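Asks: According to numbering that gives the first Met the number 0, the stretch in the sequence shown is residues 0 to 383, in order. Positions of the beta carbon are idealized from the N, C-alpha and C atoms, including for glycine. Keep in mind that this is a model prediction, so the values were computed, not measured. For reference, the structure I am asking about is given below.
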Amino acid sequence: MFRKIGIGIIIFIVGLFLYVNLSKKTTITVNFVDENGTKLLVNSVKYYGVPHTLLGSKQLEKKVPGYTPTKSFIFFNNKNRKITLKFKSKNYKKEFSDFNKAKYVAATFQPMTVTAKNGFQSDPYNTARTYNGKKTGKDSLRLIYSNDGVKWKKLHVSYPRLNVRDPSIVKIHGYWYIVYTKGLVRTKDFKHWEKIKWPHSKIFVNHFEWAPEFFKDAKGKYHIIMAGRSTTTGNFQLYVSDFNKENGHILNNWKSITGTNLPNNMIDGNLTYHNGKYILFYKNEDVETNKLTRATADNYLGPYKSETLNVDLKGYDGSEGLEAILSGNTTRLYVDTYKFNKSGQTIYDGVHYTKEIGQKNTWTKLSPIKAPFIVRHFGILKVK
């Protein structure tokens, strides 16, 4: 009896081997999205197999580490097919806990329509940033966390199905708020997201409101600093609005910062109250080189006095998206580095950092952060 069973098993295995190897193969092309339908990969992936065999979860997980498919059994059919497959966080509870315990957290974005080449990634958008929220999956929000500010881990969760660029993050009353170019969202669990209405301000040229960021003033009140193109002057300046932490609304009561030597055009403002002063980092758009700038004031609206930073960009053509972490007499400055390729297109190498000791405008060599993808223009929050 056992011998017959053994022979039967052998015949079955041989038959299965012949079927798998001799049958005509079909394909399943998979588009990877999270549970909210937000893209996880730039390109779809085509898998080959014979009809009625299983496309294994491990094969799929290799393409999106940290995620696992929500559907367990996916079989090849007699015909080629394309599917959009949802994935959920593989270790949600642990990652959520680690994120909440991390010393640093950051919000960034990932362009989803362009692939990285030789460590660089192009930017698919024009400078108007005309996002209306109807088309999704082009620039997706990503959250990362770190205990040293250099080595970062990605939070594998379900992101909002929105176009997100240049985000900033803060935690208030149990909500994580993320403000970004043309939008504001909040969440408690990084699964369910609430989009908060933020109407366009009539003092800015429509679509030209860039890179908003949270900051706290000397009294602990929250505000937003943002670059806006004035309908009066046509120039980009930095503006501040109050933020209502009780309902999460941006009040849109924008006031321009002032200063004795501010340029006509300035963007990417990052503002921190530190050691009794407001320290503002921004990008000077009136000059060809040495655009990285720092300004100081006693009031968050100014008047500010600026100085050009002596940061060696190490062969890059430029950088933007300044983010500073100040601790004691040390400043760690993060910038989003880029070059121009032979056709004049801007290509990005991701966020790098440099350090200054004692505010003497002497900076260490620019070094890249370490992350599982190319991190672009992030907003960093020191939690502890």
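1. Are the beta-carbon atoms belonging to PHE86 and TYR66 less than 7 Å from one another?
2. Comparing C-alpha positions only, which one of LYS93, THR361, ARG228 sits nearest to ASN205?
3. At what residue ranges does the region 219 to 270 contain a whole run of the beta strand (DSSP E), taking only runs of 3 or more?
4. Taking only the alpha-carbon atoms, compute the straight-line gap between THR52 and PHE75 and give it to the nearest angstrom.
5. Determine whether the beta carbon atoms of ILE266 and LYS282 lie at a separation below 7 Å.
6. LEU142 and ALA106 - do their beta-carbons sit closer together than 7 Å?
7. Cβ atoms of GLN120 and ILE373: under 7 Å apart, would you say?
8. Between which two residues does the alpha helix (DSSP H) holding GLU60 run?
9. Please state if the CB of ASN79 and the CB of THR112 are separated by a distance shorter than 7 Å.
10. Taking buried to mean at least 16 other C-beta atoms within 10 Å of its own C-beta, is ASN162 buried or exposed?
11. Just curious, the alpha helix (DSSP H) that SER96 is in, first and last residue?
12. Could you compute how far the alpha carbon of LEU237 sits from the alpha carbon of SER56?
13. Can you tell me whether LYS70 is helix, strand or coil according to DSSP?
14. Where does TYR130 land, buried or exposed, given buried means 16+ other C-beta within 10 angstroms?
15. So is GLU306 buried or exposed if we call it buried at 16+ other beta carbons inside 10 Å?
16. Taking its Cβ as the centre, do 16 or more other Cβ atoms sit within 10 Å of LEU321, making it buried, or is it exposed?
17. Anyone know if the C-beta pair for LYS338 and TYR303 falls short of 7 Å?
18. Roughly how many whole angstroms lie between the Cα atoms of LYS354 and ILE278?
19. Which term fits GLN109, buried or exposed, when burial requires 16 or more other beta carbons within 10 angstroms of its beta carbon?
Replies: Result, derived from the coordinates:
1. On the sequence shown, residue 86 is found 87 positions in, with the first residue counted as 1. On the sequence shown, residue 66 is found 67 positions in, with the first residue counted as 1. In this structure, TYR66 lies closer than 7 Å to PHE86 by Cβ.
2. Position 206 of the sequence shown, counting from 1, holds the residue named residue 205. The shortest C-alpha separation from ASN205 is found at ARG228.
3. 221 to 229, 235 to 243
4. The residue given as residue 52 occupies position 53 in the sequence shown. The residue given as residue 75 occupies position 76 in the sequence shown. Their backbone Cα atoms lie some 6 Å apart in a straight line.
5. Position 267 of the sequence shown, counted from the start, is the residue given in the question as residue 266. Position 283 of the sequence shown, counted from the start, is the residue given in the question as residue 282. Result yes, Cβ atoms of ILE266 and LYS282 sit closer than 7 Å.
6. On the sequence shown, position 107 is the one that residue 106 refers to. On the sequence shown, position 143 is the one that residue 142 refers to. Their beta carbons are under 7 Å apart, which means ALA106 touches LEU142 by this criterion.
7. What you label residue 373 is simply residue 374 of the sequence shown in a count that begins at 1. What you label residue 120 is simply residue 121 of the sequence shown in a count that begins at 1. In contact: ILE373 and GLN120 (Cβ atoms closer than 7 Å).
8. Residue 60 sits at position 61 when you count from the first residue of the sequence shown. Element bounds for GLU60: 56 to 60.
9. Position 113 of the sequence shown holds residue 112. Position 80 of the sequence shown holds residue 79. In this structure, ASN79 does not lie closer than 7 Å to THR112 by Cβ.
10. By one-based count along the sequence shown, residue 162 stands at place 163. With 16 or more other Cβ atoms within 10 Å, it is buried.
11. As a first step, residue 96 is located in the sequence shown; it is residue number 97 there, counting from the start. Segment 91 to 100, the alpha helix (DSSP H) holding SER96.
12. In the sequence shown, residue 237 corresponds to position 238, counting from 1. In the sequence shown, residue 56 corresponds to position 57, counting from 1. Approximately 49 Å between the Cα atoms of the pair.
13. Taking the sequence shown and counting its residues from 1, the one referred to as residue 70 is at position 71. Here LYS70 sits in coil by DSSP.
14. As a working note, residue 130 is residue 131 in the sequence shown. Annotation note: pLDDT 49 at TYR130 (below 50); position unreliable, no value reported.
15. For the purposes of this step, residue 306 is identified with residue 307 of the sequence shown, where counting begins at 1. That one is exposed.
16. Mapped onto the sequence shown, residue 321 falls at position 322. Classification of LEU321: buried, given that the 10 Å Cβ count is 16 or more.
17. Residue mapping note: residue 338 aligns to position 339 of the sequence shown, counting from 1. Residue mapping note: residue 303 aligns to position 304 of the sequence shown, counting from 1. Cβ atoms of LYS338 and TYR303: not closer than 7 Å.
18. Your numbering for residue 354 matches position 355 in the sequence shown. Your numbering for residue 278 matches position 279 in the sequence shown. Each residue's alpha carbon lies about 15 Å from the other.
19. Looking up residue 109 in the sequence shown gives position 110. By the neighbour-count rule (16 or more Cβ atoms within 10 Å), GLN109 is buried.
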